[in-house]
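A.B. asks: Order-wise, the sequence lines are chains E and P. Under my numbering, think of the first position of the first sequence as 32, with each following residue one higher. Under my numbering, think of the first position of the second sequence as 32, with each following residue one higher.
Protein chains: 2
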Amino acid sequence: MATAQPRTCSIARTLDVIGEKWALLALREVFLGNRRFDEMVRRTGAPRDTLTARLKTLTGAGILERRPYSEHPARFEYHLTPAGRDLYPVIATLMAWGDKYLAGEDGPPLVLDHTCGHRFVPQLTCQACGETVQYGQARVAAAASGWAR
Amino acid sequence: MATAQPRTCSIARTLDVIGEKWALLALREVFLGNRRFDEMVRRTGAPRDTLTARLKTLTGAGILERRPYSEHPARFEYHLTPAGRDLYPVIATLMAWGDKYLAGEDGPPLVLDHTCGHRFVPQLTCQACGETVQYGQARVAAAASGWAR
DNA sequence: GGGGTAAGTCCGGAATCTGGACCCACCATA
DNA sequence: TATGGTGGGTCCAGATTCCGGACTTACCCC
Numbered sequence: 032m033a034t035a036q037p038r039t040c041s042i043a044r045t046l047d048v049i050g051e052k053w054a055l056l057a058l059r060e061v062f063l064g065n066r067r068f069d070e071m072v073r074r075t076g077a078p079r080d081t082l083t084a085r086l087k088t089l090t091g092a093g094i095l096e097r098r099p100y101s102e103h104p105a106r107f108e109y110h111l112t113p114a115g116r117d118l119y120p121v122i123a124t125l126m127a128w129g130d131k132y133l134a135g136e137d138g139p140p141l142v143l144d145h146t147c148g149h150r151f152v153p154q155l156t157c158q159a160c161g162e163t164v165q166y167g168q169a170r171v172a173a174a175a176s177g178w179a180r
Numbered sequence: 032m033a034t035a036q037p038r039t040c041s042i043a044r045t046l047d048v049i050g051e052k053w054a055l056l057a058l059r060e061v062f063l064g065n066r067r068f069d070e071m072v073r074r075t076g077a078p079r080d081t082l083t084a085r086l087k088t089l090t091g092a093g094i095l096e097r098r099p100y101s102e103h104p105a106r107f108e109y110h111l112t113p114a115g116r117d118l119y120p121v122i123a124t125l126m127a128w129g130d131k132y133l134a135g136e137d138g139p140p141l142v143l144d145h146t147c148g149h150r151f152v153p154q155l156t157c158q159a160c161g162e163t164v165q166y167g168q169a170r171v172a173a174a175a176s177g178w179a180r
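1. Please state whether the Cβ-Cβ distance between ALA172 (chain P) and VAL142 (chain E) is less than 8 Å.
2. Going along the segment 121 to 142 of chain E in order, which residues come within less than 9 Å of chain P, judged by CB to CB distance?
3. Tell me whether the beta-carbon of GLU108 (chain P) lies closer than 8 Å to the beta-carbon of ARG67 (chain P).
4. Can you confirm whether ASP80 (chain P), when its beta carbon is compared against all beta carbons of chain E, has any partner nearer than 8 Å?
5. I'd like the span of the alpha helix (DSSP H) that includes LEU58 (chain E), first residue to last.
6. Provide the residue(s) that pair with CYS157 (chain E) in DSSP beta bridges, ordered along the chain.
7. Please find out if some non-hydrogen atom of the ligand FMN comes closer than 7 Å to the beta-carbon of TYR109 (chain E).
8. Alpha carbon to alpha carbon, how far is ALA159 (chain P) from ASP130 (chain E)? Give it in angstroms, no decimals.
9. Could you check which residue in P:ASP47, P:ARG59, P:THR75 has the C-alpha nearest to that of TYR166 (chain E)?
10. On the DSSP letters alone, give me the boundaries of the alpha helix (DSSP H) that TYR119 (chain E) sits inside.
11. Measure the C-alpha to C-alpha separation of ASP47 (chain E) and GLY148 (chain P) and round it to an integer number of angstroms.
12. Quick check: is the beta carbon of ARG38 (chain P) nearer than 8 Å to any beta carbon in chain E?
13. Is ALA169 (chain E) helix, strand or coil by DSSP?
14. Would THR88 (chain P) pass as an interface residue toward chain E - the criterion being a Cβ-Cβ separation below 8 Å?
15. Any Cβ of chain E within less than 8 Å of the Cβ of GLU162 (chain P)?
16. So the candidates are E:ALA92, E:GLN36, E:GLY76; which of them puts its Cα closest to the Cα of ALA77 (chain P)?
17. Out of P:ARG73, P:THR146, P:HIS145, which one is the CA nearest neighbour of THR39 (chain E)?
18. By the criterion of Cβ-Cβ separation under 7 Å, what are the contact partners of THR146 (chain P) in chain E?
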């Protein structure tokens, strides 16, 4: 009898790369334009050691790119690659959830405006039909073979 | 001179709740309809101990609800609360990123169909104008006071 | 020379995670 | 009666990871 193997779905794979502590907060800083090591340490509060390790993982995974901006005192900035930029929806939806359920009485600590002029409230939609999608409106279609692996 | 404090943004707060290892994979199983402890252990591969701890955190945070489905052998199921259901966009965008960047040659291990009949490819849009949003199209609007706290 | 900045590395102790064994209550079978 | 299976855990010792703080190197500015 085959006992189900743990799935290796795309969620698990993605979390292997960005699921460690501080990885997403480091990414948040890059999204906000803070690309340098010390600045990230200050803004996130991550231990320097840990941040070093995370940045290494993220560059290794092709999410960030380590670019020198000075030689001699060799200094580096971390830039988003296209793959990194594509993580924006993850960050945005995480933030939206926190805004809704964990904001204090001051309201959300960080407010974004969309280029359309309105406050940016992220929404999930279906690329095909454009409608908003909530839990229950998408169903498992097929096990491309990897369902239980 | 005030050295910047680590931000406590909504992302950090959210990660405090769902950012620990296995929390999101446990949630994935609940989203897929597997609500029972042993099933989650099998499907995720998480250590039983760790899963116990995560489920406790998630119920404590109001994301899951522990409902008895049998007395006497006391047995429980974990159900999504409305707050839990609102995490669907996070799961969906994580999965979409993994599908795009980490899928093997077999393609994505898990394929979803939207009720509109098409393959479900999650997209991030602006609630106000309905347009798709990518990195760079939303800007920091104001520091509600908590910017650097 | 003195102080500051940037990007790390090194360290020992603390906290977490891990796999595996164990437990208890039930049910089914024979 | 024993035997085995399921479900939802707990307990434990060892491995791994995280943590804060000190230290380093190389520059710049005054």
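Heads up, the beta-carbon is just placed ideally off N, CA and C, and yes, glycines get one too.
C.D. replies: Taking the structure as given:
1. Indexing the second sequence from 1 puts residue 172 (chain P) at position 141. Indexing the first sequence from 1 puts residue 142 (chain E) at position 111. Cβ atoms of ALA172 (chain P) and VAL142 (chain E): closer than 8 Å.
2. VAL121, ILE122, ALA123, THR124, LEU125, MET126, ALA127, TRP128, GLY129, ASP130, LYS131, TYR132, LEU133, ALA134, GLY135, ASP137, GLY138, PRO139, PRO140, LEU141, VAL142
3. Position 77 of the second sequence, counting from 1, holds the residue named residue 108 (chain P). Position 36 of the second sequence, counting from 1, holds the residue named residue 67 (chain P). In this structure, ARG67 (chain P) lies closer than 8 Å to GLU108 (chain P) by Cβ.
4. Here residue 80 (chain P) is taken as the residue at index 49 of the second sequence, counted from 1. No, ASP80 (chain P) does not count as interfacial toward chain E.
5. Taking the first sequence and counting its residues from 1, one reaches residue 58 (chain E) at position 27. Where LEU58 (chain E) is concerned, the enclosing alpha helix (DSSP H) stretches over 54 to 62.
6. Along the first sequence, one-based indexing puts residue 157 (chain E) at 126. Answer is P:PRO153, bridged to CYS157 (chain E).
7. In the structure shown, the ligand FMN is absent, as is every other ligand, since no ligand is present at all.
8. Your numbering for residue 130 (chain E) matches position 99 in the first sequence. Your numbering for residue 159 (chain P) matches position 128 in the second sequence. Approximately 17 Å between the Cα atoms of the pair.
9. Taking the first residue of the first sequence as position 1, residue 166 (chain E) is located at position 135. Here the closest residue by C-alpha is P:ARG59.
10. Within the first sequence, numbered from 1, the residue matching residue 119 (chain E) stands at position 88. Per DSSP, TYR119 (chain E) belongs to the alpha helix (DSSP H) from 119 to 132.
11. Here residue 47 (chain E) is taken as the residue at index 16 of the first sequence, counted from 1. Here residue 148 (chain P) is taken as the residue at index 117 of the second sequence, counted from 1. So the two alpha carbons sit approximately 31 Å from each other.
12. As a first step, residue 38 (chain P) is located in the second sequence; it is residue number 7 there, counting from the start. Output row for ARG38 (chain P): interface = yes.
13. Counting from one through the first sequence, the residue named residue 169 (chain E) turns up at place 138. It is a strand residue.
14. Counting from 1 along the second sequence, the entry for residue 88 (chain P) is found at position 57. No, no contact with chain E.
15. Here residue 162 (chain P) refers to the residue found at position 131 of the second sequence. Closer than 8 Å: yes.
16. Here residue 77 (chain P) refers to the residue found at position 46 when the second sequence is read from its first residue. Checked all of E:ALA92, E:GLN36, E:GLY76; the closest Cα to ALA77 (chain P) is E:GLN36.
17. Counting from one through the first sequence, the residue named residue 39 (chain E) turns up at place 8. When each option's Cα is compared against that of THR39 (chain E), the closest is P:ARG73.
18. Taking the second sequence and counting its residues from 1, one reaches residue 146 (chain P) at position 115. Within 7 Å Cβ-Cβ: GLN168.
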